[in-house]
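Novice: My questions all concern the structure below.
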Amino acid sequence: MAEIPITEMSERTRDIFRLVVENYLGTGAPVGSRTISQLPGLNLSSASIRNVMQELEEMGLLAAPHVSAGRMPTEYGLRIFVDGMMQVAEPSEDERRAIESRVTENGPIENALAAASAALSGLSACAGMVLVPRQDVVLRQFSFVPLGQGTGPAQALAVLVGADNSVENRIVDLPPGIAPSALVEAGNYISSRLSGLTLRDAQKRLMQELDRDRRALDDAARSLVERGLASWTNDAADRPVLIVRGQSNLIDEHASADLERVRQLLDDLEGKQEISRLMEGALAASATKIFIGSENKLFSLSGSSVIAAPYRNGDGRVVGVVGVIGPTRLNYARVIPMVDFTAQTLSRLMR
Numbered sequence: 478m479a480e481i482p483i484t485e486m487s488e489r490t491r492d493i494f495r496l497v498v499e500n501y502l503g504t505g506a507p508v509g510s511r512t513i514s515q516l517p518g519l520n521l522s523s524a525s526i527r528n529v530m531q532e533l534e535e536m537g538l539l540a541a542p543h544v545s546a547g548r549m550p551t552e553y554g555l556r557i558f559v560d561g562m563m564q565v566a567e568p569s570e571d572e573r574r575a576i577e578s579r580v581t582e583n584g585p586i587e588n589a590l591a592a593a594s595a596a597l598s599g600l601s602a603c604a605g606m607v608l609v610p611r612q613d614v615v616l617r618q619f620s621f622v623p624l625g626q627g628t629g630p631a632q633a634l635a636v637l638v639g640a641d642n643s644v645e646n647r648i649v650d651l652p653p654g655i656a657p658s659a660l661v662e663a664g665n666y667i668s669s670r671l672s673g674l675t676l677r678d679a680q681k682r683l684m685q686e687l688d689r690d691r692r693a694l695d696d697a698a699r700s701l702v703e704r705g706l707a708s709w710t711n712d713a714a715d716r717p718v719l720i721v722r723g724q725s726n727l728i729d730e731h732a733s734a735d736l737e738r739v740r741q742l743l744d745d746l747e748g749k750q751e752i753s754r755l756m757e758g759a760l761a762a763s764a765t766k767i768f769i770g771s772e773n774k775l776f777s778l779s780g781s782s783v784i785a786a787p788y789r790n791g792d793g794r795v796v797g798v799v800g801v802i803g804p805t806r807l808n809y810a811r812v813i814p815m816v817d818f819t820a821q822t823l824s825r826l827m828r
């Protein structure tokens, strides 16, 4: 189903959709047109509201569990609401104190993690969860699988095979314009040249190689530039390009060798920079993530939602995830900032 931008809905349609979702999240029961018509500020008849709700149902945003019942948001409707319409409130002072008082510096960090889970569970009336990832996997094999088709994939699945035969999959946002062949080359390079390292150490090694290649490029091009045989410029993508002047003057073997060396180094640098961007994507962790119903395959049959946020150590590195598991009719506006605040509290504790 194609996503429906909020801006393409009329103001009346947006208002009715918002009121239906908010009432459903508050009561857990389907919402009828009569209920909406009695709310202040709308000034519409039940018939008019019923027509709009029918349109929202045809758009896939609402559903009627029974013919005579009111409407309730679909998972798709909840996603549209959460992403584009929900007004998020900051945690109250009482909620902040409750979290901070449970998550203290006294005792082992495991105690703080357990306390964070318990605090979230009590405040949200959901199941709290804290995940502590194991040590970084030592790479044995690495590959990228493009996701999507068309002019070019926007995302890829990074598949990490560890030295212990463990397998991790991560969704990576791809740099604009990257070719599928570059994904294959990146995977081959990492597997052949950087295996035996963690992903983070592999990234450091690659950055060292990039610095070394840039210095070598400067040395190789210096003679050509000084002799007036070439000059530097940038292309449309802001990549360095060496412009050769008067190629007929390149009569000695030394100048030809320098030029070939520069071309080779430019190709190597461009390839390694692309690989580096892909690895950064595999290392990066986004902010609070919300999985509604079947968006999370683990909970697709139970009708649950997951709200999770990463917490970080003193180096800014993600070291775990804290969150809650609850019904799809969660009070998202209240729970999302609560989860985010708990993650921030744990991050401060680990500095």
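Residue numbers for the sequence shown follow my numbering, beginning at 478 and rising by one.
C-beta atoms are modelled at their ideal positions from N, C-alpha and C, and glycine is treated no differently.
What residue range does the beta strand (DSSP E) around residue 591 cover?
Specialist: No beta strand (DSSP E) holds residue 591; the alpha helix (DSSP H) holding it covers 586 to 601.
Novice: Among the residues of its own chain, which have a CB less than 7 Å from the CB of residue 526, if the five just before and after it don't count?
Specialist: Correct list, in chain order: 493, 510, 513 and 514.
Novice: If I'm right that residue 539 touches residue 548 with Cβ under 8 Å, what's the distance once you round it to whole angstroms?
Specialist: Contact flag correct, Cβ pair sits at about 4 Å.
Novice: For the region 589 to 598 against the region 640 to 658, do three or more pairs of beta-carbon atoms, one drawn from each stretch, fall closer than 8 Å, so that the two count as touching?
Specialist: No: the two stretches stay apart, fewer than three of their Cβ pairs being nearer than 8 Å.
Novice: Using 8 Å as the threshold, is the region 669 to 688 in touch with the region 600 to 619, meaning 3 or more CB pairs across them?
Specialist: Short answer: they touch.
Novice: Skipping 5 residues on each side, what residues in its chain have a beta carbon closer than 8 Å to that of residue 750?
Specialist: Correct list, in chain order: 687.
Novice: Would you mind working out which of 517, 782, 604 and 486 sits nearest residue 561, comparing C-alpha positions?
Specialist: Minimum Cα distance to residue 561 is reached at 486.
Novice: Count the other C-beta atoms from every protein chain shown that fall within 10 angstroms of the C-beta of residue 605, then say buried if there are 16 or more, exposed otherwise.
Specialist: Result: buried.
Novice: Does the Cβ of residue 581 have 16 or more other Cβ atoms within 10 Å, making it buried, or fewer, making it exposed?
Specialist: So residue 581 counts as exposed.
Novice: Please classify residue 677: is it buried, with 16 or more other beta-carbons within 10 angstroms of its beta-carbon, or exposed?
Specialist: Per the 10 Å Cβ criterion, exposed.
Novice: Identify every residue that forms a DSSP beta bridge with residue 608.
Specialist: Per DSSP, 798.
Novice: To test your reading of the DSSP string, which unbroken alpha helix (DSSP H) runs of 4 or more residues are found completely within the region 510 to 592?
Specialist: Fully enclosed alpha helix (DSSP H) runs of 4 or longer: 510 to 514, 523 to 535, 552 to 561 and 570 to 579.
Novice: Is the beta carbon of residue 490 sitting closer than 8 Å to the one on residue 532?
Specialist: Yes, the Cβ-Cβ distance between residue 490 and residue 532 is below 8 Å.
Novice: Note down the Cα distance separating residue 726 from residue 645, rounded to an integer number of angstroms.
Specialist: Low confidence applies to residue 726: its pLDDT is 49, below 50, so where it sits in the model is not reliable, and the reading given next is rough at best. About 54 Å.
Novice: Whole angstroms is fine: what's the gap from residue 800's alpha carbon to residue 528's?
Specialist: One C-alpha to the other measures close to 38 Å.
Novice: Taking the alpha helix (DSSP H) that residue 622 belongs to, which residues open and close that run?
Specialist: First-last for residue 622: 616 to 624, but that is the beta strand (DSSP E), not the alpha helix (DSSP H).
Novice: Compare the C-alpha of residue 695 against each of 743, 660 and 682 and name the closest.
Specialist: Nearest option by C-alpha distance: 743.
Novice: Should residue 565 be labelled buried (16 or more other beta-carbon atoms within 10 Å of its own) or exposed?
Specialist: Classification for residue 565: exposed.
Novice: Tell me whether residue 804 sits in a helix, a strand or coil according to DSSP, three-state version.
Specialist: Residue state, collapsed to three classes: strand.
Novice: Less than 8 Å between the beta carbons of residue 798 and residue 787, yes or no?
Specialist: Yes, they are a contact pair.
Novice: Assign residue 520 to buried or exposed, taking buried as 16 or more other Cβ atoms, counted over all protein chains shown, within 10 Å of its Cβ.
Specialist: The residue in question, residue 520, is exposed, as its Cβ has fewer than 16 Cβ neighbours within 10 Å.
Novice: Using only the alpha-carbon positions, how far apart do residue 778 and residue 819 sit?
Specialist: Confidence at residue 778 is low in this model, with a pLDDT of 47, below 50, so the placement of that residue is unreliable and no value is reported for it.
Novice: Keeping to the same chain, check which residues put their C-beta closer than 6 Å to that of residue 558; ignore five residues upstream and five downstream.
Specialist: 498, listed in sequence order.
Novice: Anyone know if the C-beta pair for residue 660 and residue 633 falls short of 8 Å?
Specialist: Yes, Cβ-Cβ distance for residue 660 and residue 633 is below 8 Å.
Novice: With 8 Å as the threshold, decide whether the Cβ of residue 601 is near any Cβ in chain B.
Specialist: The structure shown has no chain B; it contains just one protein chain.
Novice: Assign residue 682 to one of three DSSP states: helix, strand, or coil.
Specialist: Helix at residue 682.
Novice: Which term fits residue 803, buried or exposed, when burial requires 16 or more other beta carbons within 10 angstroms of its beta carbon?
Specialist: Label assigned to residue 803: buried.
Novice: If you follow the alpha helix (DSSP H) that residue 810 is in, where does it begin and where does it stop?
Specialist: First-last of the alpha helix (DSSP H) with residue 810: 809 to 826.
Novice: Looking at the secondary structure, which residues open and close the alpha helix (DSSP H) in which residue 661 lies?
Specialist: Where residue 661 is concerned, the enclosing alpha helix (DSSP H) stretches over 657 to 670.
Novice: Which of the three DSSP states is assigned to residue 639 in this structure?
Specialist: Three-state DSSP puts residue 639 in a strand.
Novice: Please classify residue 684 as buried or exposed, where buried requires at least 16 neighbouring CB atoms within 10 angstroms.
Specialist: Exposed.
Novice: Pull up the distance between the alpha-carbon of residue 524 and that of residue 563, whole angstroms please.
Specialist: Rounded to the nearest angstrom, the two C-alpha atoms are 26 Å apart.
Novice: Using the C-alpha atoms, what's the distance from residue 635 back to residue 622?
Specialist: Distance between the alpha carbons of residue 622 and residue 635: 6 Å.
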